[in-house]
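Residue numbers (the working numbering), protein chains in the order written: chain U, 9 to 228; chain E, 624 to 842.
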């Protein structure tokens, strides 16, 4: 074979990769924050007693979780303009990833809500809080603490999904890597460095989440 | 362009069916190969020696930290760069199978580690060898534990098969894009593709629930 590794081209374009990574992170952070809001509302709907709340939330979660995200990305960017709803590529990707992460985070939060003992709601009621106050200041904070481990793996997988923005030419990390790959033919080097960047970022996210988990742990 | 959606659908019927066929075969192959590999990964993570465990841990962590799209692109371009001329289909299936193996590996590891130590000790006490303990005590229990997560992974693989369209494998999504480039009915045909993926995945999910109920221990 006689292939000698030569990273020169990749290092020359390294800041291009890094700016791609920065965009990936930006896309992930904005989308996951919006998705967390959607997920929180959905999770309360899923665990409520009224069918009017449960059924639409269930439909949303089931449909989104069973669709490939690439189909959603292409649909929003290429098909929605036909209905007169036109977004630029970055915005349409943020829309897709927010809607998508909403469905996944809803399931994470739902499991967390189910683990909160009923007595806490009753205690809240007995000191005269409204049910909105109980949700906002008793249940949601406790639930968030409980779900941190599964939240962390969901966030990591959502971060990795930002790579799909490359399909509609958003210049994030995968798109940048592909460009370098095609221009330089330094195939192995490009993908090694790109993978390393993704893996390192995922490790950092995991470490950060473990740190938050430790800081928020209840003293036992 | 005066055709209606139904007429266009009729024209494209074989193309769509063909795409569904390719999607199903990609997914089945990836799940099959990935699961077999994944069982070995899981076993190595639990029973392997220190060095083997370290190597396999690095493998799963690296694969799980890399987006599937990057795995697919890397598998396609790197395999041709090292002179291993894989067709897009094989390169894509390879990437998905590797991705699947890391997930199944973690599932198997979790399931095996969740079995209480007393089970192994009891098996030892009645004189079973390790192989016997594994095949008739640990594995049946681990399998039951694995099932829900494994079904999730299977549905995940069907969704990930769409990524092979990026390297030019003519699965359902690429076929849909081809059809749209001919008749410009992006709304209708993306809807159709979404519907088909939904049916397949929802079917897998329901089937998983059914098997889970069937194999559940009476409580």
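We put the CB at the ideal spot given by N, CA and C, even for glycine. Note that the structure is predicted; figures quoted are calculated from it, not measured.
Inter-residue CB distance, residue 672 of chain E and residue 724 of chain E (contact presumed, cutoff 8 Å):
As a position in the second chain, residue 672 of chain E is number 49, starting the count at 1. As a position in the second chain, residue 724 of chain E is number 101, starting the count at 1. Between residue 672 of chain E and residue 724 of chain E a beta carbon distance of about 20 Å is seen, past the 8 Å cut, so the two are scored as non-contacting.
Check residue 149 of chain U in the structure and name its three-state DSSP category.
Mapped onto the first chain, residue 149 of chain U falls at position 141. If DSSP states are grouped into helix, strand and coil, residue 149 of chain U belongs with the helices.
Excluding the five sequence neighbours on either side, which residues of its own chain have a C-beta within less than 6 Å of the C-beta of residue 65 of chain U, listed in chain order?
Within the first chain, residue 65 of chain U is the residue found at index 57, counting from 1. For residue 65 of chain U, where only same-chain residues beyond five positions count, the Cβ hits under 6 Å are 50, 53 and 54.
When the cut-off is 8 Å and only beta carbons count, does residue 685 of chain E lie next to chain U?
By 1-based counting over the second chain, the position of residue 685 of chain E is 62. Yes, contact with chain U.
Using CA atoms only, rank isn't needed, just tell me which of E/816, E/827 and E/668 is closest to residue 732 of chain E.
Translated into the one-based positions of the second chain, residue 732 of chain E becomes position 109. Answer by Cα proximity: E/668.
Assuming residue 55 of chain U is part of the alpha helix (DSSP H), what are its boundary residues?
Residue 55 of chain U sits at position 47 when you count from the first residue of the first chain. Taken as a continuous stretch (DSSP letters only), residue 55 of chain U belongs to no alpha helix (DSSP H), as it is neither H nor E.
Identify the contact partners of residue 79 of chain U in chain E, using a Cβ-Cβ distance below 8 Å as the criterion.
Position 71 of the first chain, counted from the start, is the residue given in the question as residue 79 of chain U. Annotation: Cβ neighbours of residue 79 of chain U in chain E (cutoff 8 Å, chain order): 785, 796, 813, 816, 817 and 820.
Interface residues of the segment 200–215 of chain U facing chain E [CB-CB below 7 Å]
For the segment 200–215 of chain U, which is checked against every Cβ of chain E, the residues closer than 7 Å are 202, 203, 206, 207, 210 and 211.
Pull up the distance between the alpha-carbon of residue 678 of chain E and that of residue 687 of chain E, whole angstroms please.
Taking the first residue of the second chain as 1, we reach residue 678 of chain E at position 55. Taking the first residue of the second chain as 1, we reach residue 687 of chain E at position 64. Roughly 14 Å between the two C-alpha positions.
Where residue 169 of chain U falls, given that 16 or more other Cβ within 10 Å makes a residue buried
Within the first chain, the letter at position 161 stands for residue 169 of chain U. Buried is the call here.
7 Å CB neighbourhood of residue 186 of chain U in its chain, flanking five on each side removed:
If you number the first chain from 1, residue 186 of chain U lands on position 178. Listed in chain order, the non-local C-beta contacts of residue 186 of chain U below 7 Å within the same chain comprise 174, local neighbours out to five positions each way being set aside.
My assumption, with CB atoms under 8 Å, is that residue 770 of chain E sits in contact with residue 834 of chain E. Please give the rounded CB distance.
In the second chain, counting from the first residue as 1, residue 770 of chain E sits at position 147. In the second chain, counting from the first residue as 1, residue 834 of chain E sits at position 211. The Cβ separation is near 7 Å, so the contact holds.
Output the distance between the C-alpha atoms of residue 757 of chain E and residue 158 of chain U, rounded to the nearest integer angstrom.
For this step, residue 757 of chain E is matched to residue 134 along the second chain. For this step, residue 158 of chain U is matched to residue 150 along the first chain. A straight-line Cα-Cα distance of about 30 Å links residue 757 of chain E and residue 158 of chain U.
Cβ-Cβ separation, residue 29 of chain U to residue 181 of chain U (assumed contact under 8 Å), whole Å:
The count along the first chain starts at 1 and reaches residue 181 of chain U at position 173. The count along the first chain starts at 1 and reaches residue 29 of chain U at position 21. That belief holds up - the Cβ atoms of residue 181 of chain U and residue 29 of chain U are roughly 5 Å apart, short of 8 Å.
Cut-off 8 Å between Cβ atoms - residues of its own chain near residue 782 of chain E, not counting five sequence neighbours on either side
As a working mapping, residue 782 of chain E is identified with position 159 in the second chain. For residue 782 of chain E, where only same-chain residues beyond five positions count, the Cβ hits under 8 Å are 820 and 824.
Considering only the beta carbon of each residue, do residue 48 of chain U and residue 201 of chain U sit closer than 8 Å?
Along the first chain, one-based indexing puts residue 48 of chain U at 40. Along the first chain, one-based indexing puts residue 201 of chain U at 193. No, these two residues do not count as a Cβ contact at 8 Å.
Roughly how many angstroms lie between the CA atoms of residue 233 of chain U and residue 109 of chain U, to the nearest whole one?
Examination of residue 233 of chain U is not possible in this model, given that chain U is present from 9 through 228 alone.
Taking the Cβ atom as the reference point for each residue, do residue 649 of chain E and residue 696 of chain E lie within a distance shorter than 8 Å?
Here the question's residue 649 of chain E lines up with position 26 in the second chain. Here the question's residue 696 of chain E lines up with position 73 in the second chain. Between residue 649 of chain E and residue 696 of chain E, the gap from beta carbon to beta carbon reaches 8 Å or more.
Indicate the three-state DSSP secondary structure (helix, strand or coil) for residue 12 of chain U in the structure shown.
Residue numbering aside, residue 12 of chain U sits at position 4 when the first chain is read from its first letter. If DSSP states are grouped into helix, strand and coil, residue 12 of chain U belongs with coil.
Considering only their Cβ atoms, is the gap separating residue 78 of chain U from residue 172 of chain U smaller than 8 Å?
Position 164 of the first chain, counting from 1, holds the residue named residue 172 of chain U. Position 70 of the first chain, counting from 1, holds the residue named residue 78 of chain U. Cβ atoms of residue 172 of chain U and residue 78 of chain U: closer than 8 Å.
Around the Cβ of residue 717 of chain E, are there at least 16 other Cβ atoms within 10 angstroms (buried) or fewer (exposed)?
Numbered from its first residue, the second chain carries residue 717 of chain E at position 94. Flag for residue 717 of chain E reads buried.
Have a look at E/815, E/796, E/801 and E/772 and flag the residue whose alpha-carbon is nearest the alpha-carbon of residue 828 of chain E.
Here residue 828 of chain E refers to the residue found at position 205 of the second chain. That would be E/772, whose Cα lies nearest to the Cα of residue 828 of chain E.
Cutoff 8 Å: residue 195 of chain U Cβ touching any chain E Cβ
Counting from 1 along the first chain, the entry for residue 195 of chain U is found at position 187. It does: the Cβ of residue 195 of chain U has a partner Cβ on chain E nearer than 8 Å.
Step through the CB atoms of chain U and report whether any lies within less than 8 Å of the CB of residue 689 of chain E.
Translated into the one-based positions of the second chain, residue 689 of chain E becomes position 66. True, the Cβ-Cβ gap to chain U drops below 8 Å.
Once the 5 residues before and after residue 156 of chain U are set aside, which same chain residues still bring their CB inside 8 Å of it?
In the first chain, the residue the question calls residue 156 of chain U occupies position 148. Here the set comprises 217, 220, 221 and 224.
How about residue 879 of chain E: is its C-beta nearer than 8 Å to some C-beta of chain U?
This structure cannot speak to residue 879 of chain E, because chain E is shown only from 624 to 842.
Within the continuous alpha helix (DSSP H) that includes residue 711 of chain E, where are the two ends?
Working through the second chain from its first residue, we reach residue 711 of chain E at position 88. In the DSSP assignment, residue 711 of chain E falls within the unbroken alpha helix (DSSP H) covering 711–737.
If we cut at 8 Å on Cβ distances, does residue 71 of chain U have a partner in chain E?
Taking the first residue of the first chain as position 1, residue 71 of chain U is located at position 63. Residue-level contact by beta carbon holds for residue 71 of chain U and chain E, with a gap shorter than 8 Å.
Is residue 38 of chain U helix, strand or coil when you go by DSSP?
Here residue 38 of chain U refers to the residue found at position 30 of the first chain. Helix.
State the Cα-Cα distance for the pair residue 775 of chain E and residue 161 of chain U, rounded to the nearest angstrom.
Taking the second chain and counting its residues from 1, the one referred to as residue 775 of chain E is at position 152. Taking the first chain and counting its residues from 1, the one referred to as residue 161 of chain U is at position 153. A direct Cα-Cα distance of roughly 15 Å separates residue 775 of chain E from residue 161 of chain U.
Sorted by chain position, which residues of the same chain lie with C-beta nearer than 7 Å to residue 738 of chain E's C-beta, five sequence neighbours on each side aside?
Taking the first residue of the second chain as 1, we reach residue 738 of chain E at position 115. Shown here for residue 738 of chain E: same chain residues with a beta carbon closer than 7 Å to its own, the five before and five after excluded, namely 761, 764 and 765 in chain order.
Using only CA atoms, which one of E/745, E/804, E/784 and E/637 lies nearest to residue 647 of chain E?
The residue given as residue 647 of chain E occupies position 24 in the second chain. For residue 647 of chain E, the nearest C-alpha among the options comes from E/784.
When the cut-off is 8 Å and only beta carbons count, does residue 83 of chain U lie next to chain E?
Here residue 83 of chain U refers to the residue found at position 75 of the first chain. Chain E contact via Cβ: present.
How far does the alpha helix (DSSP H) with residue 786 of chain E in it reach, from first residue to last?
If you number the second chain from 1, residue 786 of chain E lands on position 163. It is not in any alpha helix (DSSP H) - residue 786 of chain E carries neither H nor E in the DSSP assignment.
Which class does residue 21 of chain U belong to by DSSP, given the choice of helix, strand or coil?
Reading the first chain from its first residue, position 13 is the one you call residue 21 of chain U. Under the three-state reduction of DSSP, residue 21 of chain U is assigned to coil, being neither helix nor strand.
Anyone know if the C-beta pair for residue 206 of chain U and residue 693 of chain E falls short of 8 Å?
In the first chain, counting from the first residue as 1, residue 206 of chain U sits at position 198. In the second chain, counting from the first residue as 1, residue 693 of chain E sits at position 70. Between residue 206 of chain U and residue 693 of chain E, the C-beta spacing is below 8 Å.
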